[in-house]
Structure formats: C-alpha cells, structure tokens
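First residue of the sequence shown? That's 245 in my numbering, and the numbers climb one at a time after it.
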Amino acid sequence: ASDAEGSAVAESAFQTIQRACERPGFFYLTDHGVEASLIERVFALSQKFFALPEKEKEVVSVASNPHHRGWTRLGEETLDPANQSEGDTKEGFYLAREMKSQLPENPFCGPNAWPEPATTPSWSAEDCAAFRDTMLQYQERCEVLARRVTQQLARALTGNYAAMDKFMTNPMAFVRLLRYAPVPSAEHRGVLACGAHSDYGLLTLLLTDANAGLEILQDGSWLPVEPRPGSFVVNIGDMTEVLSSGRFRSTRHRVINASGAERFAIPFFFDPDPDAVMSSLVSDGHASSAPSITASEYLASKYRATHADYRPTP
C-alpha cells in the first residue's frame, strides 16, 4: 500500500476507536502486534498454573503478599456485592512489572510472587522459569501496546498524542490470569462468574478463549460480547472517563457462565502512575465525577471493597 493509503487506513482506525470509546466504551483490537505464539504460551501456562494443587498455589497467595501479587482463590473477589450472594466463581493470578523493592507509599509497586521449585514440587525449575519469563514478556508487550492505544485516546480528546503521557511515567500495569470454574451462573440467586463492575484504570486489554460469557451494559440491557480468540477486547476504565470529562465511557460489564464450561481469560489492566491525580483534560460540557485522590488510592479503595484477601502494606 502507498503512504497515502496507509495513512487513510490509520485515520479510519483512529475514528473507529474514537466512536467506540464514546459508545459503547468497548472495541476489538486486531493486528495488534502481540505474537500469536506468545499468546498461546501464556494461555497454556495459565492453565498449567491453575491445575496445580491448591496448597502449592496458596504459597503465592495475595493474602500473604503486601503488593497484591499472586494467586486469588476461588470466590475471593466479589465485584458486585449488592447483587451477589457469594464471590465470583473464578480464581486468578496477579503479576506486574518486576520490581525488587517497594516504592515508597505505594502498595502496588513491589516484587511479584512466583512459583518456586522449593514450594512447587509439581513443577521443575525449568517449568517455574518458563512461567515467570513468559508472563513478564507478555506484560512488557501489553504495556507497549497499551501506551500506543492510550496515545490514540489522547489524540481523540485533545488533538495531542502526548497529552496523557504525564500520567504514564511509571504506570501501574497488571496482567491477571483468570480461570472461571465450570459452575453455571444463576443470576436470580446471586451466583455470577464475575459480578457487574467497571474497570478502574485507564484501559483494559482482554484476551479470552473461545467460550462466551462477557456481557456489557447498554441502555439498561446486557449485551453479549462475542469471543474472538487472538484479538483483544479493549475497554475504557474509570480514570479515562474522568480524564475525558465523561466523553469516553467506562462501561459496566460482567461474566455469565451459561454453559457451565471452564473458561480462561487474561485481562491486562493499564493504570496511571501511582501518585497521579486524575483531572479532566477537556472541558466540553460532559458530566464527570472526578475523584480527588491519587490513582493508587482509588485502586486501593476498590480492592478493599471487592477483594477479601487484600492485605496492603501498613
């Protein structure tokens, strides 16, 4: 394709993203540059981790990690407490940038919790190293991609690709492996695979397997999001809604397990610098309920409300 044709394609993609962020706040991202082979390895290793005996996963539980890294047990998180009778029917594993020591006054910056040969007898040293190295490679690739998408959002809001860079010097960027248990959801009894919520940060890049379940709330109705393995589902988070003065929507979503099948998903949460205070980048008359707290304080408030095993550093 000529340069002009390439520019026209890029501009069309930009306009599509802009419209999707305004409504419904979700869009698919293809041709994203994250290798299919890496995605396959991440899913395979995610399934391998969740197949470990519970006592081996418990060693890396978030309950004993002050940075909220590691395993979250089945039912540990309840994302819609007002409408759920029990926790989400899923387990998870949090990881983020590898940091040797905790940054001052930020419970979300610190070392990851990895399976080690001494405490994970089901795995060899090579298995443990492959898990760690693959997940960190994937985290790095997602962070690069998330920065590119965020620059498109900044351009859509202000005309300036770099308008949001000041919030991304040392961003909180989390991969979360998820396994949804083969438990049919029963909404009338308050049993959900994942309770209704909006995401907290700037944006989320979500990979799913071929099993359906994700739904988004539009005009009071829950609409299914078709799984497209290999493509990312991108959604806007609360902090981007604040930055946009409500122009871009942080849409509520949930997961319903209608089939009773096991399901795997991998969200990447791209959140601002821990000490960033969110304030609008635009003033165009859209309503906004901007939090007057830092990004890490906002994230901690959400975790306290939804994670039973959240144990931040005092």
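The beta-carbon is built from N, C-alpha and C at its ideal position, and this holds for glycine as well.
Near the ligand NAD: residue i beta-carbon under 6 Å from a heavy atom
i: Ser465; result: The ligand content of the structure shown is nil, which means the ligand NAD is not present either.
Integer-rounded CB distance, given that residue j should sit under 8 Å from residue i
i: Ser465; j: Gly269; result: With a Cβ gap of about 15 Å, Ser465 and Gly269 do not count as contacting.
i: Leu451; j: Glu459; result: No, Leu451 and Glu459 are not in contact; Cβ-Cβ is about 17 Å, not under 8 Å.
i: Pro361; j: Ala369; result: 5 Å
i: Leu421; j: Phe293; result: 7 Å
i: Met412; j: Asp517; result: 7 Å
i: Ala437; j: Tyr424; result: 5 Å
Local Cβ density within 10 Å of residue i, reported as buried at 16 or more and exposed below that
i: Asn327; result: exposed
i: Gly403; result: exposed
i: Gly474; result: exposed
i: Gly529; result: Caution applies to Gly529, whose pLDDT of 49 falls short of 50 and renders its modelled position unreliable; the model cannot decide the point.
i: Val278; result: buried
i: Val477; result: buried
i: Ala531; result: Residue placement at Ala531 is flagged as unreliable, the pLDDT there being 49, under the threshold of 50; the coordinate-derived value follows with that caveat. With fewer than 16 Cβ atoms within 10 Å of its Cβ, Ala531 is classed as exposed.
i: His312; result: buried
i: Ala357; result: buried
i: Ala295; result: exposed
Residue(s) in a DSSP beta bridge with residue i
i: His497; result: His441 and Ile460
i: Val393; result: Val393 is not bridged to any residue.
i: Trp466; result: Leu461
i: Ala340; result: Phe418
i: Phe271; result: Val478
i: Lys334; result: Tyr424
i: Leu380; result: Paired residues: none, contrary to the question.
Among the options, nearest to residue i - alpha-carbon criterion
i: Thr316; options: Ser329, Val304 and Gly336; result: Gly336
i: Ala288; options: Gly314, Ser523 and Ala509; result: Ala509
i: Ala199; options: Glu330, Pro428 and Phe514; result: Look at the range of the chain in this structure, 245 to 558, and you will see that residue 199 is not part of it.
i: Ala544; options: Ala437, Phe476 and Gly445; result: Gly445
i: Asn414; options: Val435, Leu397, Phe352 and Gln396; result: Phe352
i: Leu323; options: Leu401, His497, Leu525 and Ala398; result: His497
i: Gly547; options: Asp443, Glu485 and Val486; result: It should be pointed out that residue 547 corresponds to Tyr in this sequence rather than to Gly. If we check each option's Cα against that of Tyr547, Asp443 comes out closest.
i: Thr484; options: Ala295, Met522, Pro471 and Glu330; result: Met522
i: Ala502; options: Phe513, His432, His441 and Arg341; result: His432
i: Ser540; options: Glu342, Phe514 and Asp553; result: Phe514
i: Pro325; options: Thr550, Ala400, Arg555 and Thr538; result: Thr550
i: Glu284; options: Tyr405, Asn350, Asp519 and Ala454; result: Ala454
i: Leu401; options: Pro297, Asn350, Val486 and Pro471; result: Val486
Helix, strand or coil at residue i [DSSP, three-state]
i: Met416; result: strand
i: Arg507; result: strand
i: Ile283; result: helix
i: Ala531; result: In this prediction, Ala531 scores a pLDDT of 49, lower than 50, which makes its location untrustworthy; no coordinate-derived value is stated.
i: Pro325; result: helix
i: Ser582; result: Only positions 245 to 558 of the chain appear in the structure, and residue 582 is not among them; the question remains open.
i: Ile537; result: coil
i: Leu446; result: coil
i: Leu487; result: helix
i: Phe513; result: strand
i: Ala373; result: helix
i: Leu318; result: coil
i: Ser366; result: coil
Chain D contact for residue i (CB, 7 Å cutoff)
i: Pro426; result: Note that chain D does not occur in the displayed structure, where there is just one protein chain.
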